[in-house]
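Taking our numbering, the leading residue of the sequence shown gets 53, the next gets one more, and so forth. We treat Cβ as the ideally placed atom computed from N, Cα and C, and that holds for glycine.
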Amino acid sequence: MTKRILVLLGHPDGRPERFGNALATAYAEAATAAGHMVRRINLADVDTPFVEGQWEFESPPPPHIVAVQEDILWAEHIVLLFPLWLGATPARLKALLEQVFRAGFGFTVGPKGWSSKLKGRSARLVVTMGMPAFVFRLVFGSHGLLALDTGVLRLAGLSPVRKSVIGGVEAIGPKARLGWLAKMRRLGKLGV
Numbered sequence: 053m054t055k056r057i058l059v060l061l062g063h064p065d066g067r068p069e070r071f072g073n074a075l076a077t078a079y080a081e082a083a084t085a086a087g088h089m090v091r092r093i094n095l096a097d098v099d100t101p102f103v104e105g106q107w108e109f110e111s112p113p114p115p116h117i118v119a120v121q122e123d124i125l126w127a128e129h130i131v132l133l134f135p136l137w138l139g140a141t142p143a144r145l146k147a148l149l150e151q152v153f154r155a156g157f158g159f160t161v162g163p164k165g166w167s168s169k170l171k172g173r174s175a176r177l178v179v180t181m182g183m184p185a186f187v188f189r190l191v192f193g194s195h196g197l198l199a200l201d202t203g204v205l206r207l208a209g210l211s212p213v214r215k216s217v218i219g220g221v222e223a224i225g226p227k228a229r230l231g232w233l234a235k236m237r238r239l240g241k242l243g244v
């Protein structure tokens, strides 16, 4: 069964030699080869100003952010790849998410709770980091992923949200990097 997949590379550095770029490309190419329809967004290519206040968050976003929202609405599965910086997403990726989720896109919160608007979609978070993955999970409780998973994606109705955590990325060596690229190709082929 083919899917509509959005691959969002959330690294502010768009140089092609970045490992995150290789992971995103491996996933996207394998998904396309398997017959899935794929769109890709590179954070480095998107003008992403910071939201200045509640008034701005409640107002409609600019047209280039509306284009990102349209890609999200088009997608059945969203793959978000990013490096862990200071325990969380890079500031520019957080800024993009704040821009995208403006004016009630994705969810609204009111006196009767929240209303999810992106139900029926799934997601995969792929995070790279310098620390070992087990330290991130056991010592830090995966907080950088949980904030994005629970506080944004699940709040908007995406489920399931699967995670791939690549720890010690600077030290894993060529063999392990090839293993991760192969895994991204397998996931892309399956569209998960």
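Taking residue i as the reference, give the member of the options with the closest Cα.
i: M236; options: A74, L205 and V221; result: A74
i: V187; options: L61, A119, G219 and L170; result: G219
i: R7; options: L207, T77, D123 and N94; result: Since the displayed the chain opens at 53 and closes at 244, residue 7 lies outside it and no answer follows.
i: R98; options: E222, L149 and L210; result: Looking at the sequence itself, residue 98 is Val, so the reference to Arg does not match. Checked all of E222, L149 and L210; the closest Cα to V98 is L149.
i: G156; options: G66, K215 and V118; result: V118
i: L125; options: S111, R91 and V103; result: R91
i: R214; options: D201, I224 and E222; result: D201
i: G240; options: I224, L177, G182 and A185; result: L177
i: V131; options: A85, A78 and H116; result: A78
i: A127; options: A234, G172, F71 and L242; result: G172
i: S216; options: A223, R238, V204 and G203; result: R238
i: T100; options: A80, P142, A83 and E81; result: P142
Would DSSP call residue i helix, strand or coil?
i: A86; result: coil
i: F186; result: helix
i: T80; result: Residue identity check: residue 80 is Ala in the sequence provided, not Thr. Note: A80 maps to helix in three-state DSSP.
i: H129; result: strand
i: V191; result: coil
i: I93; result: strand
i: K215; result: strand
When we look at the beta-carbon of residue i and count the other beta-carbons within 10 Å, is it buried (16 or more) or exposed?
i: W232; result: buried
i: V161; result: exposed
i: Q106; result: exposed
i: H195; result: exposed
i: L197; result: buried
i: P113; result: buried
i: H129; result: buried
i: V191; result: exposed
Which residues in the same chain have their Cβ closer than 6 Å to the Cβ of residue i, if we skip the five residues on either side of it in sequence?
i: A228; result: none
i: P76; result: Note on identity: in this sequence residue 76 is Ala, with Pro being the wrong assignment. For A76, where only same-chain residues beyond five positions count, the Cβ hits under 6 Å are V59, L61 and L133.
i: V103; result: F109 and E150
i: G66; result: N94 and A96
i: G203; result: none
Enumerate in chain order the residues of its own chain whose CB-to-CB distance from residue i is below 7 Å, with the five nearest sequence positions on each side excluded.
i: L145; result: G62, L95 and F134
i: H88; result: T54, K55, I57 and G243
i: L205; result: A175 and V213
Tell me, to the nearest whole angstrom, how far the beta carbon of residue i is from that of residue j; I am working on the premise that it is less than 8 Å.
i: L207; j: S174; result: 15 Å between Cβ atoms; not a contact.
i: V179; j: L136; result: 5 Å
i: A140; j: A199; result: 6 Å
Which same chain residues, not among the five before or five after residue i, have their C-beta less than 8 Å away from its C-beta?
i: F159; result: F153, W166, S167, S168, K169, L170, L207, A208 and G209
i: G225; result: none
i: P184; result: G219 and G220
i: R70; result: H63
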